[in-house]
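Just below is one structure, and these are the notes that go with it.
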Amino acid sequence: QVQLVESGGGLVQPGRSLRLSCAASGIIFWTYGMNWYRQAPGKQRELVAGISYRGNTNYADSVKGRFAISRDNAKNTVYLHMNSLAPEDTAVYYCNAKKSSADYWGQGTQVTVSS
Numbered sequence: 014q015v016q017l018v019e020s021g022g023g024l025v026q027p028g029r030s031l032r033l034s035c036a037a038s039g040i041i042f043w044t045y046g047m048n049w050y051r052q053a054p055g056k057q058r059e060l061v062a063g064i065s066y067r068g069n070t071n072y073a074d075s076v077k078g079r080f081a082i083s084r085d086n087a088k089n090t091v092y093l094h095m096n097s098l099a100p101e102d103t104a105v106y107y108c109n110a111k112k113s114s115a116d117y118w119g120q121g122t123q124v125t126v127s128s
């Protein structure tokens, strides 16, 4: 049974930082590309950042220079380091594991940026 469990969300003031974690089980973690998506109210889910099994990363333009994705294959965990958070970053953040036709999602964690 595949599980992706996100943690680390919460309420944070503008300009502050948060680190999201996603712990995976039931997959051979190091063989999967891992992604973070987010969905704000009334908007479509969008890709925020991705990291390949080789460690190559990609980012949405809106978060470049502020967010960083990393993975720890020994812990089966992917992270999203979020800096200089702004109200427009408010969303539910989802972890995604993808390999060929395999595509798994976590339940999401809420991030709210507000003063």
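Counted from 1, the sequence shown has number 96 at position 83 by the numbering used here; the numbering is strictly sequential. Every residue, glycine too, gets a C-beta built ideally from N, C-alpha and C.
For a quick check, are the C-beta atoms of residue i and residue j less than 8 Å apart?
{"i": "residue 103", "j": "residue 124", "result": "yes"}
{"i": "residue 34", "j": "residue 55", "result": "no"}
So, with DSSP's three-state summary, where would you put residue i?
{"i": "residue 90", "result": "strand"}
{"i": "residue 116", "result": "strand"}
{"i": "residue 44", "result": "helix"}
{"i": "residue 69", "result": "coil"}
Cα-Cα, which of the options is closest to residue i?
{"i": "residue 52", "options": "117, 108, 114, 71", "result": "108"}
{"i": "residue 74", "options": "59, 34, 110", "result": "59"}
{"i": "residue 43", "options": "92, 87, 15, 79", "result": "87"}
{"i": "residue 47", "options": "38, 39, 62, 57", "result": "62"}
{"i": "residue 128", "options": "121, 116, 85, 101", "result": "101"}
Report whether the distance from the Cβ of residue i to the nearest heavy atom of the ligand FAD is below 7 Å.
{"i": "residue 120", "result": "Ligands in the displayed structure: none, and consequently the ligand FAD is not present."}
Taking the continuous beta strand (DSSP E) assigned at residue i, which residues delimit it?
{"i": "residue 124", "result": "122-126"}
{"i": "residue 32", "result": "31-38"}
{"i": "residue 63", "result": "59-64"}
Which partner residues of residue i appear in the DSSP bridge assignment?
{"i": "residue 101", "result": "The partner list for residue 101 (beta bridge, DSSP) is empty, contrary to what the question assumes."}
{"i": "residue 22", "result": "In the DSSP output, where bridge partners are listed per residue, residue 22 has none listed."}
{"i": "residue 81", "result": "94"}
{"i": "residue 111", "result": "46, 116"}
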